[in-house]
Amino acid sequence: MSGLLAGKVCLIVGGGSGIGAAAAGLAVRDGGKVVIADIDGDAAERVAGSCGADGMVVDVRSSASVQALVSDVVRLHGRIDGVFHTAMSVPLVNKNDRRVTELPEAIWETILSLVLTGTFHVCKYVGQQMLQQGAGSIVLTATSDALIGQAGIDAYTAAKGGVIAMTRSIAAGLSPEGVRVNAVCPSFVETPHQRGFLDDPALRARIEAMHLMPIMTAEDAAELALFLLSDRARYLTGGIHVCDGGYTSFKGRMDMLEIFDRAAD
Ligand SMILES: NC(=O)c1ccc[n+]([C@@H]2O[C@H](COP(=O)([O-])OP(=O)(O)OC[C@H]3O[C@@H](n4cnc5c(N)ncnc54)[C@H](O)[C@@H]3O)[C@@H](O)[C@H]2O)c1
3 MSGLLAGKVC LIVGGGSGIG AAAAGLAVRD GGKVVIADID GDAAERVAGS CGADGMVVDV
63 RSSASVQALV SDVVRLHGRI DGVFHTAMSV PLVNKNDRRV TELPEAIWET ILSLVLTGTF
123 HVCKYVGQQM LQQGAGSIVL TATSDALIGQ AGIDAYTAAK GGVIAMTRSI AAGLSPEGVR
183 VNAVCPSFVE TPHQRGFLDD PALRARIEAM HLMPIMTAED AAELALFLLS DRARYLTGGI
243 HVCDGGYTSF KGRMDMLEIF DRAAD
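Numbering (our numbering), first residue to last: 3 to 267.
See below:
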């Protein structure tokens, strides 16, 4: 079998939609034996059926649910070579997150718990399996908004900043025994829950102006994660990898030469 992930057992957590669903299809294309797990079991089954993967249910907030998922995947395929953890309630953030001064305590706790405790459960139980194997690749999902300031989503950026810190410390703990841990930081991705913003031409133009390239597709965002799952990334661990069309690389669409020329007039 050929392909970037030939024969590798890949678990995509949160694969029922968006970046995870795109990753699942691409991982099958690249030769992986793919299991899609999602809190929405119907979505997981639907995506799995469309690309030749297996679908399972998981709620990453529950330790027992994540343990059961790991056991089921190992029962089915004998091992787990890679996990891409993308699970997140994007509508929860889009509708309820706020600037710190207006942010309800309950929303803060819900977002931190889903992101941080969910990531803890996935890393803990998949990590135990990978340590037994002496090999594996864990790819977590942060965001470019945890690398530079973005007003109005203070719980989300705090939680994803925590994922960045977890990536480094968990890598430091697991990588000497063969388990690599990396995070991807996408900027704005054209996923189902973001279409509400992108369907508004004025809003789309503002979001586009924050990038040097067109808004990325879910597939664009997924490719980096698949590379990190593969053996081609065998020396990469503890890394925070941006996939952002230049979002974090520039201050604004302004050519300084123009400013200098004006000042000289
Ligand atoms: N879309 C973007 O613009 C963007 C940008 C930067 C980072 N991200 C991050 O990328 C990841 C994927 O985002 P997306 O836009 O593809 O999201 P999405 O909503 O399309 O997919 C996320 C999936 O996670 C599942 N999920 C939610 N809660 C869960 C739980 N408790 N247990 C298991 N599954 C659960 C959902 O059912 C859904 O299928 C998220 O971590 C998000 O924070 C997204």
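C-beta: ideal position from N, C-alpha, C; glycine also.
Give me the Cα-Cα distance between residue 87 and residue 122, rounded to the nearest whole angstrom.
Looking at the two C-alpha atoms, the distance is approximately 11 Å.
With three or more beta-carbon pairs closer than 8 Å as the criterion, would you say the region 111 to 121 touches the region 154 to 174?
Proximity of the region 111 to 121 to the region 154 to 174 meets the contact definition, three or more beta-carbon pairs being nearer than 8 Å.
Meets three-Cβ-pair contact criterion under 8 Å: the region 68 to 85 and the region 99 to 112
Touching, no.
Cβ-heavy atom distance, residue 212 to ligand 1, below 8 Å
No, the beta carbon of residue 212 sits no closer than 8 Å to any heavy atom of ligand 1.
Exposure of residue 171, with buried meaning 16 or more beta-carbon neighbours within 10 Å
Counting other Cβ atoms within 10 Å of its Cβ, residue 171 stays below 16 and is therefore classed as exposed.
If residue 169 and residue 183 are in contact, beta carbons under 8 Å, what's the gap, nearest whole angstrom?
With 8 Å as the limit, residue 169 and residue 183 qualify as a contact, their Cβ atoms being about 6 Å apart.
Less than 7 Å between C-beta atoms, sequence neighbours within five positions excluded: which residues of the same chain meet that for residue 2?
In the structure as shown, the chain begins at 3 and stops at 267. Residue 2 is therefore absent and cannot be evaluated.
Of all the options 251, 139 and 5, which has the alpha carbon lying nearest to the alpha carbon of residue 83?
Ranking 251, 139 and 5 by Cα distance to residue 83 puts 139 first.
Strictly by DSSP, which residues pair up with residue 138?
In the DSSP assignment, residue 138 forms a beta bridge with 181.
Which partner residues does residue 38 have in the DSSP bridge list?
Residue 38 pairs with 14 and 57.
Exposure label - residue 93; buried when at least 16 CB within 10 Å:
By the neighbour-count definition (other C-beta atoms within 10 Å, threshold 16), residue 93 is an exposed residue.
For residue 218, which beta-bridge partners are listed by DSSP?
Answer by DSSP bridge pairing, in chain order: 191.
Check whether the Cβ of residue 162 sits closer than 8 Å to any heavy atom of ligand 1, and report yes or no.
Placement of the Cβ of residue 162 at a distance of less than 8 Å from at least one heavy atom of ligand 1 is found.
Rounded separation between residue 22 and residue 260 - CA only
Their backbone Cα atoms lie some 42 Å apart in a straight line.
Residue ranges of each alpha helix (DSSP H) within the region 60 to 99, 4 or longer:
Counting only runs of 4 or more, we get 65 to 79 and 92 to 98.
Sorted by chain position, which residues of the same chain lie with C-beta nearer than 8 Å to residue 51's C-beta, five sequence neighbours on each side aside?
Excluding five sequence positions before and after residue 51, the CB atoms of its chain that fall closer than 8 Å to its own CB belong to 57, given in chain order.
Cβ of residue 190 versus every heavy atom of ligand 1: is any distance shorter than 8 Å?
Checking the Cβ of residue 190 against ligand 1 gives yes.
Let me check understanding here. Comparing Cα to Cα, which of 215, 6 and 141 lies closest to residue 181?
Closest option to residue 181, Cα to Cα, is 141.
Whether residue 211 touches residue 255 by CB criterion (9 Å)
Going by C-beta atoms, residue 211 is nearer than 9 Å to residue 255.
As assigned by DSSP and simplified to three states, the class of residue 109
DSSP places residue 109 within a helical segment (H, G or I) once states are collapsed to three.
Rounded to whole angstroms, what is the Cα-Cα separation between residue 219 and residue 190?
Those two C-alpha atoms are separated by around 9 Å.
Taking Cβ to Cβ, would you say residue 188 is nearer than 9 Å to residue 160?
Going by C-beta atoms, residue 188 is not nearer than 9 Å to residue 160.
Could you compute how far the alpha carbon of residue 47 sits from the alpha carbon of residue 113?
Rounded to whole angstroms, residue 47 to residue 113 spans 26 Å at the Cα level.
Give me whichever residues DSSP pairs with residue 209 in a beta bridge.
According to DSSP, residue 209 bridges with nothing at all.
For a test of your reading of the model: does the CB of residue 127 fall under 8 Å from any non-hydrogen atom of ligand 1? Yes or no.
No, ligand 1 has no heavy atom inside 8 Å of this Cβ.
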